[in-house]
Amino acid sequence: MALSEEINKLAKYLIVSDIPRSVAYTLVYIKDRGEVTSVEIERETGLRQPEVSIAMQWLRRKGWITKRNMKKEGKGRPIHGYKLSKDFNEILEEIINDLEKKIDEINNTINQLKNFKK
1 MALSEEINKL AKYLIVSDIP RSVAYTLVYI KDRGEVTSVE IERETGLRQP EVSIAMQWLR
61 RKGWITKRNM KKEGKGRPIH GYKLSKDFNE ILEEIINDLE KKIDEINNTI NQLKNFKK
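When we follow full-length UniProt numbering, the leftmost residue of the sequence shown carries the number 1, and every step to the right adds one.
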């Protein structure tokens, strides 16, 4: 992978935060580079085409990226440009909020289980 140490570190924290690996690397690559194509993501992150495609679908469902058609010379598959649809700090805030909800749920479960101790 041609990603910087800091970008790799961020991707690893996202993975630990329950973001799928391919999504994490795709997200940090787009954050770092601005508008990109799926071919660029594949080349620079080492992800395979199906992984990038699934990651893009995941990110679009979350509303974190937008897709636009780009002009292409000649025949063949169309090229799409992808970029963040909101500030990366907003995305991080969503991830942090999801983690805090999970922590609350886990703490609630722990407290409920403690009620069964004799």
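Backbone N, C-alpha and C define an ideal beta-carbon position, used for all residues, glycine too.
Same chain, Cβ closer than 7 Å to A11, five either side skipped, listed in chain order: For the purposes of this step, residue 11 is identified with residue 11 of the sequence shown, where counting begins at 1. Hits under 7 Å: A24, Y25, V28.
C-alpha distance - K102 paired with K72, whole-angstrom precision: For this step, residue 102 is matched to residue 102 along the sequence shown. For this step, residue 72 is matched to residue 72 along the sequence shown. Near 44 Å, if we compare the C-alpha coordinates of K72 and K102.
Collapsed DSSP secondary structure at L14 in the structure displayed: The residue you call residue 14 lines up with position 14 of the sequence shown. DSSP places L14 in helix when its eight states are reduced to three.
DSSP state of I79 mapped onto helix, strand, coil: Looking up residue 79 in the sequence shown gives position 79. Three-state DSSP puts I79 in a strand.
Touch test, the region 60–68 against the region 81–93, Cβ-Cβ under 8 Å, three pairs minimum: yes
Those runs of the alpha helix (DSSP H) which lie wholly inside the UniProt domain "HTH marR-type" (17–68) and span at least 4 residues: 21–33, 38–45, 49–62
Beta-carbon proximity list for R60, same chain, < 7 Å, skipping 5 on both sides: Residue mapping note: residue 60 aligns to position 60 of the sequence shown, counting from 1. K67, listed in sequence order.
Buried or exposed (CB count within 10 angstroms, at least 16 for buried), L14: In the sequence shown, the residue the question calls residue 14 occupies position 14. Classification of L14: buried, given that the 10 Å Cβ count is 16 or more.
E35 vs G81 beta-carbon contact at 8 Å: Residue numbering aside, residue 35 sits at position 35 when the sequence shown is read from its first letter. Residue numbering aside, residue 81 sits at position 81 when the sequence shown is read from its first letter. In this structure, G81 lies closer than 8 Å to E35 by Cβ.
For D98, the first and last residue of its enclosing alpha helix (DSSP H): Counted from its first residue, the sequence shown places residue 98 at position 98. Here the alpha helix (DSSP H) through D98 covers 88–114.
Residues that DSSP places opposite L3 in a beta bridge: One-based indexing of the sequence shown puts residue 3 at position 3. For L3, which the question treats as bridged, DSSP gives no partner whatsoever.
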